[in-house]
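S.K.:
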Amino acid sequence: AAAAAADEERERRRDADERLSELEQLLAEERRMREWAVEERENMKQILAYETQKAADEVEFAYTEARDARENADVIEDRMEQLQRDLDAERAVKKRRDEIFDEARSWISSELKG
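Under my numbering, the first residue of the sequence shown is numbered 32, with each subsequent residue one higher.
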């Protein structure tokens, strides 16, 4: 009976050791999973930070491009207005010149007749 009890005790200890070993393996696996999750979270934070900065840079670039385009459009518009004023002035000078020539022709014609 004592031998049977000793065998039974050894069997329980062996089972307990096996369960303990399994629990240690599960604990180690859980620890690895937590470490992996922490690493993944850090990677995701870095990716998010990178993507956020990239988007901010793209928005800033688009804003700068739009501002530059508007400034260029303003310069072109100012130049077009100046060209129109120059053209209007040139037409006025030509019109006045034609009027003077017409007056001169009339005067010459009247002098030649008279």
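Note that the Cβ used here is the ideal one computed from N, Cα and C, for glycine as well.
1) Taking only the alpha-carbon atoms, compute the straight-line gap between Ala127 and Arg110 and give it to the nearest angstrom.
2) Could you tell me the boundaries of the alpha helix (DSSP H) in which Ala86 lies?
3) Distance check for Arg62 and Gln56, CA to CA, integer angstroms please.
4) At the level of alpha carbons, what is the spacing between Arg98 and Met75?
5) To the nearest angstrom, report how far apart Glu39 and Asp46 are at their CA atoms.
M.R.: Short version:
1) Note that residue 127 is Arg in the sequence shown, not Ala. Each residue's alpha carbon lies about 26 angstroms from the other.
2) 33 to 144
3) 10 angstroms
4) 34 angstroms
5) 10 angstroms
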